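S.K.: Protein sequences, first through last, are from chains V, H, R and U.
Remember, our numbering sits 1326 above the position in the first sequence when you count from 1.
Remember, our numbering sits 1326 above the position in the second sequence when you count from 1.
Remember, our numbering sits 1326 above the position in the third sequence when you count from 1.
Remember, our numbering sits 1326 above the position in the fourth sequence when you count from 1.
Number of protein chains: 4
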Amino acid sequence: MTSPNIKVGIVGANGYAGAEVLRLIASHPSAELSVVTSRAHFGKRVCDVFPALPSPLVFSDMNDPSLKKCDVVFVALPQTAGAALVGELIDANVRVIDLSADYRFDDVELYEKTYNVAHPRPDLASIAVYGLCEADRDKIHNARLVANPGCYVTSVLLPMLPLCKAGLVSDIIADSKSGTSGAGRKSDEAYSFCTVDENFKAYGVFTHRHAPEMSEKLGKPILFTPHLLPIKRGILSTVYFDVTDADKALNVLRTAYNNEPFVSYTDALPEISSVAYTNRCLFSARFSEKRGIVVSVIDNLLKGAAGQAVQNMNIMFGLNDTAGLPLYAPV
Amino acid sequence: MTSPNIKVGIVGANGYAGAEVLRLIASHPSAELSVVTSRAHFGKRVCDVFPALPSPLVFSDMNDPSLKKCDVVFVALPQTAGAALVGELIDANVRVIDLSADYRFDDVELYEKTYNVAHPRPDLASIAVYGLCEADRDKIHNARLVANPGCYVTSVLLPMLPLCKAGLVSDIIADSKSGTSGAGRKSDEAYSFCTVDENFKAYGVFTHRHAPEMSEKLGKPILFTPHLLPIKRGILSTVYFDVTDADKALNVLRTAYNNEPFVSYTDALPEISSVAYTNRCLFSARFSEKRGIVVSVIDNLLKGAAGQAVQNMNIMFGLNDTAGLPLYAPV
Amino acid sequence: MTSPNIKVGIVGANGYAGAEVLRLIASHPSAELSVVTSRAHFGKRVCDVFPALPSPLVFSDMNDPSLKKCDVVFVALPQTAGAALVGELIDANVRVIDLSADYRFDDVELYEKTYNVAHPRPDLASIAVYGLCEADRDKIHNARLVANPGCYVTSVLLPMLPLCKAGLVSDIIADSKSGTSGAGRKSDEAYSFCTVDENFKAYGVFTHRHAPEMSEKLGKPILFTPHLLPIKRGILSTVYFDVTDADKALNVLRTAYNNEPFVSYTDALPEISSVAYTNRCLFSARFSEKRGIVVSVIDNLLKGAAGQAVQNMNIMFGLNDTAGLPLYAPV
Amino acid sequence: MTSPNIKVGIVGANGYAGAEVLRLIASHPSAELSVVTSRAHFGKRVCDVFPALPSPLVFSDMNDPSLKKCDVVFVALPQTAGAALVGELIDANVRVIDLSADYRFDDVELYEKTYNVAHPRPDLASIAVYGLCEADRDKIHNARLVANPGCYVTSVLLPMLPLCKAGLVSDIIADSKSGTSGAGRKSDEAYSFCTVDENFKAYGVFTHRHAPEMSEKLGKPILFTPHLLPIKRGILSTVYFDVTDADKALNVLRTAYNNEPFVSYTDALPEISSVAYTNRCLFSARFSEKRGIVVSVIDNLLKGAAGQAVQNMNIMFGLNDTAGLPLYAPV
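This is the structure we're talking about:
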């Protein structure tokens, strides 16, 4: 095959997002897995730790010098934990796709207030590109550091950004529901099977950290309420707003992503199962006179995390967006 | 035992709501199951059709004259299907608790428009009492015909009625999520396990029939969006509204049901599993300056249907509200 | 009410089995909750810890002297943890129903080998009565100490004991499947929602501790393989065996529990949902020439734990077996 | 791309197995989707019927002459429904992979007895090759007609065939558990969400049609009991047997598939989630003196149906077995 073989590192491959990047890269036609790290599993073979991932690679750690020989490194660590490493990699001319919140905010103070930490590398904030693929493809292509968007944020921005840019909407409420993998790999009774199964709850009302990220990108305040669904994967966001011109708004939604392989308006209201295990986002809308409702669905670990990260890699390296990414959802 | 033994009939015991009434009455300390009907299972023993319900009673049909010898008959049929029978029973001085929508509306025209049918017995609409137990206990006590409220409606009215009566809120949006038993016993691919499991969707946006019922009872318009949860039982409603005085509103919510065994304000946001398989409604609230959010949970088949129906029976016959009704949720 | 009011204590009410005893006793017509203990929640009100259990009682601890004023105490602690307390209570003439494995074995050495511990109170082993309600009602009635059987064990013994006593079967294999609540309240990734949901596995092959308990009670070796079901509650055991006379065996199964309210042979193969949230055991059988297969279902937390424990209390105190115990399964 | 572009037809793409073949072929690097048929959806675009499958192809029907221009046609219809078409395609020199039971049996009478039908084309039975990929790769490579094995059968044969061929085992019992997609796309209350969720049952005891298929291929009788799991995808089979030499048996299992990409012995007991959404089969074994237990897992719709079918296509056309087939399981 004559396509470029991108050398890939993954830091934090034990977490769900990192493990999904690993899975995608392992079967990517133009990428090659060079290094995977996990503090918890250092020195063990991936296939011995995760029978689901039959890779013979051995987990390394964050200090592995091979990371600096990669073409691109995915960093999938909790906020601030990967920040120093991200800086070193950038300094070593390795391109980085960071799945944490560290570099998502234009406004560093807003980041610090939202996450209640000092920003580890404010100097890098200015070179980071926000990796909402369909919104910023050119910038992403040239980026040294891509900040992969939050999962809830992606489900809301994709339909709402075009409406906000067109100046058609106000007073936005996003009522979002996420599968439990969004909480990450957990040893916690709150995420135990017997607690989550046959249950449903709201959480983080008025306080969830994805609200400021949405607001900054939309340029508008937003009221955001997340809920925990008893399913493994998927987000559905029901977004309510006041609309000045429903016809125009519908037209904006129908046409905004005409040439995009992964993002589509559908006449029918979309369901999570239509996008689970794919990198797609589907949305639809309904309008009364002054009110609009958008329903949007993604797979939180793919378009909401690992899939969008790989799509960002594809864009950075001049590949088709769809390379190595699933479009069709299983039964 | 010296307590009154109420002779009970159940029409439509094959449906989920009817089957739950059957289950509750079978172990009710002051009621006695006299007649159960099911067109589908006429002539069969309940225990042979439903191994889960070990009753030796034989399913009868709607024409069974024993129905007129009951003290009270629960009618759990689709709208209009039980209306003629309800009339006959009322004429025969049998008290009726109707679980359909037929007698829920004060405004008969609104009913006809909402359900797209001619009202079968508009003459009875005026004697029917809306059976939201905690709101209308006195009227229910004396009622000959009780119209049991809709499941979504109950989850919204219990917290929102006191706020509306106090004139504190406007611009209400109810984003509700229901377990699949709310759709009833179904042979339909849309409700098959492989369709619903690991899935989630919105439906009936701007068009669900429970919205007019909510509006009429609240005396205000409401934007209502239902969603289908991949669980068997339970409703969680997230209700957004503008509030004129948050402190007053919180106080109203905290005190409205102080003496009620089944309805409670909780400081923590309630989860469906805390009320599943019980007749309770729990709710909590959060406020910003001008916005309020209420989260409310019920079991759709108990407080949202069969449980509230039995509670209505208890009130009609002067028993404690809690007689024969579960307060404690299982693990 | 003139029925006896049994004063009840529950030790270990935080665990799933203890919480279910609490739930059952709270609505039991002839029992009164006096003391509930939980090390984890000492000093807190039950309703504040568990919104699902609206009891105003305050959690006490194991040293609470009120325990010795109870008529009966349910001890729901891990093996050996409650043994000293059980001894003290027995010495104080309080009757005890122990839900652990401590007193289940006739053969103390077998217990010690199986659980790899020294028996805490071998002197009490001889007075303990094995509480398989339908098998030992008279002994249980007079018992000071009842050892509540294991959940898997109950599902297998109820159908297989009569067959073994009749000398009709040999070469028994029990392939059992349990809901996840059988593992108890857990903060462990192995029991997290994302691990268990949409998954299924065998575990403890050739090594599970319920096998020796089954063998001792059946008087025969048994090959037992447990599996973990992605459901909250219920056990289904598929039991394979060689049979000498299939007709006789079927007759034994059909008649063994003719007068029992909770245990029944059914012609159709039983499903877990027919017994979930009830205290029943249903089983059926199929035979070829020399082989038999029994399928048996229970709710692991009720007939397999808390429900059988309360049934034992009912027997001990001369009440109907069914007092306070659910017979009808919800939808 | 220089790799061969195989022109593919799919008959019965509405069913779950057919839809999964469609999904796999749509992203297969060396295949091209030419025709898809569905009686139910004739004339509609795939993407309009199934938002999860964004293919612009229009559903055709079984009479579409383009089927005869395909290099290979997957026929995913109920038994006998596709038999005439299979004959026509073979006569037209189109290679066929049949996912029904029609051509699985060497013994046509056994087929007719098992399925209670007259064999539609007994003349073709002799040219059909049984498509258990790892067992018959050479024959499959040259086959004109491949009979894709049953899902349960695959889970049992892969570990048990080597043991049977080595003459090491007897008295086999397979206790198998399958996800609900195994029952196909259904509008049937028995497969509704509220019936299947939180439930588990055995069915087809002594009568399931996969038992004769297993027996014929193993050359031995087998006692087979299937069960219905409340999950979408996956089969776990727990297989019990008498063993003459446990060490030899273990060695056979460890080495039988050394060079196979999809089939592996694992030391740990395998779980369904390790193979869901992949084409793999994992198994492990435990032995006592005379008894052995194998636990085996597959995805019923992939290695148990569509995945094995595509693997058969890969073998027929000289591609790598793994082309277009997933090896890594998602979180």
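Positions of the beta carbon are idealized from the N, C-alpha and C atoms, including for glycine.
Treat the numbers as computed from the prediction; the structure is a model and nothing was measured.
Closest Cβ-Cβ distance between U/T1328 and chain H: below 8 Å?
M.R.: In this prediction, U/T1328 scores a pLDDT of 47, lower than 50, which makes its location untrustworthy; the coordinate-derived value is nonetheless stated afterwards. Chain H contact via Cβ: absent.
S.K.: In three-state terms, what does DSSP make of U/Y1529?
M.R.: It is coil, neither helix nor strand.
S.K.: Between the alpha carbons of V/I1561 and U/T1581, how many angstroms are there, rounded?
M.R.: The straight-line gap from Cα to Cα measures roughly 43 Å.
S.K.: Is the CB-CB distance between U/S1434 and U/V1455 below 8 Å?
M.R.: One detail in the question is off: residue 1434 of chain U reads as Val in this sequence, not Ser. No, they are not a contact pair.
S.K.: Between R/H1467 and the rest of its own chain, which residues show a CB-CB distance below 8 Å, the 5 nearest in sequence each way excluded?
M.R.: Contacts found: I1641, M1642 and G1644.
S.K.: Closer than 7 Å by beta-carbon distance: list the chain U residues that pair up with H/S1507, in chain order.
M.R.: Result: C1520.
S.K.: I'd like to know whether the C-beta atoms of U/I1332 and U/D1397 end up nearer to each other than 8 Å.
M.R.: Their beta carbons are under 8 Å apart, which means U/I1332 touches U/D1397 by this criterion.
S.K.: Could you tell me the distance, in whole angstroms, from the CA atom of R/V1337 to the CA atom of R/R1349?
M.R.: Computed Cα separation, rounded: 14 Å.
S.K.: Among residues of its own chain, excluding the 5 on either side of R/T1328, which ones have a beta-carbon nearer than 7 Å to its beta-carbon?
M.R.: Bear in mind that the predicted position of R/T1328 carries a pLDDT of just 47, short of 50, making it too unreliable to give a figure here.
S.K.: Checking contacts by CB at 8 Å: is R/Y1583 closer than that to chain H?
M.R.: Not closer than 8 Å to any Cβ of chain H, the Cβ of R/Y1583 fails to qualify, so no.
S.K.: Is DSSP giving V/T1551 helix, strand or coil here?
M.R.: Residue state, collapsed to three classes: strand.
S.K.: When you compare the CB of U/K1527 with every CB in chain R, is at least one pair closer than 8 Å?
M.R.: Output row for U/K1527: interface = yes.
S.K.: For the region 1358-1389 of chain R, list every residue whose C-beta sits within 7 Å of some C-beta in chain V, in sequence order.
M.R.: Answer in chain order: no residues at all.
S.K.: Does the Cβ of V/K1543 have 16 or more other Cβ atoms within 10 Å, making it buried, or fewer, making it exposed?
M.R.: V/K1543 should be labelled buried.
S.K.: Reducing DSSP to helix, strand and coil, say where R/I1557 ends up.
M.R.: The answer is coil: DSSP assigns R/I1557 none of H, G, I, E or B.
S.K.: Taking the straight line between their C-alpha atoms, what separation do you get for R/G1369 and R/T1363?
M.R.: Near 9 Å, if we compare the C-alpha coordinates of R/T1363 and R/G1369.
S.K.: Going by the CB atoms, is the gap between V/V1495 and V/L1489 shorter than 8 Å?
M.R.: Against a cut-off of 8 Å, the Cβ pair of V/V1495 and V/L1489 comes out as a contact.
S.K.: Using DSSP with H/G/I as helix, E/B as strand and the rest coil, what is V/R1349?
M.R.: Helix at V/R1349.
S.K.: Per DSSP, U/I1466 forms a beta bridge with which residues?
M.R.: Answer is none; U/I1466 lacks a bridge partner.
S.K.: Alpha carbons only, please: which of R/R1470, R/E1460, R/E1438 and R/Y1437 is nearest the one belonging to R/I1453?
M.R.: Checked all of R/R1470, R/E1460, R/E1438 and R/Y1437; the closest Cα to R/I1453 is R/R1470.
S.K.: Taking only three categories from DSSP, how would you classify U/R1421?
M.R.: Residue state, collapsed to three classes: strand.
S.K.: When you compare only the Cα positions, how much space is there between H/D1428 and R/D1568?
M.R.: For H/D1428 and R/D1568, the distance between alpha carbons rounds to 59 Å.
S.K.: For V/K1558, which residues in the same chain have their Cβ closer than 7 Å to its Cβ, ignoring the five residues on either side in sequence?
M.R.: Cβ neighbours of V/K1558 beyond the five flanking positions: G1505, T1506 and S1507.
S.K.: Can you confirm whether H/T1592, when its beta carbon is compared against all beta carbons of chain C, has any partner nearer than 8 Å?
M.R.: You won't find chain C in this structure, because its protein chains are V, H, R and U.
S.K.: CB-CB under 6 Å to R/V1384, same chain, minus the five flanking residues each way: which ones, in chain order?
M.R.: Hits under 6 Å: R1371.
S.K.: Locate the alpha helix (DSSP H) running through H/F1519, then write down its first and last residues.
M.R.: Counting along the chain, the alpha helix (DSSP H) containing H/F1519 begins and ends at F1519 to V1522.
S.K.: Using a Cβ cut-off of 8 Å (strictly closer), state whether H/L1627 contacts chain V.
M.R.: Closer than 8 Å: no.
S.K.: Give the straight-line distance between the Cα atoms of U/P1646 and R/C1477, rounded to the nearest whole angstrom.
M.R.: Per the sequence shown, residue 1646 of chain U should be read as Asn rather than Pro. Cα to Cα, U/N1646 sits roughly 49 Å from R/C1477.
S.K.: Please report the residue range of the beta strand (DSSP E) in which H/G1335 lies.
M.R.: H/G1335 -> beta strand (DSSP E) spans I1332 to V1337.
S.K.: Mind pulling the chain U residues with CB within less than 9 Å of H/E1597?
M.R.: Simply none; closest approach about 17 Å.
S.K.: Quick check: the region 1616-1624 of chain H against the region 1585-1600 of chain R, are at least 3 beta-carbon pairs closer than 8 Å?
M.R.: No contact exists between the region 1585-1600 of chain R and the region 1616-1624 of chain H.
S.K.: Given a limit of 8 Å on CB to CB distance, which residues of the region 1390-1417 of chain R reach chain H?
M.R.: Residues passing the 8 Å Cβ filter: none.
S.K.: How is the alpha helix (DSSP H) around H/C1477 delimited, first residue to last?
M.R.: Here the alpha helix (DSSP H) through H/C1477 covers C1477 to K1491.
S.K.: Output, in chain order, the set of chain H residues within a Cβ distance shorter than 7 Å of U/D1514.
M.R.: Those are S1513, listed as they occur along chain H.
S.K.: Where DSSP assigns a beta bridge to V/K1503, which residues make up the other side?
M.R.: V/H1553 and V/L1562.
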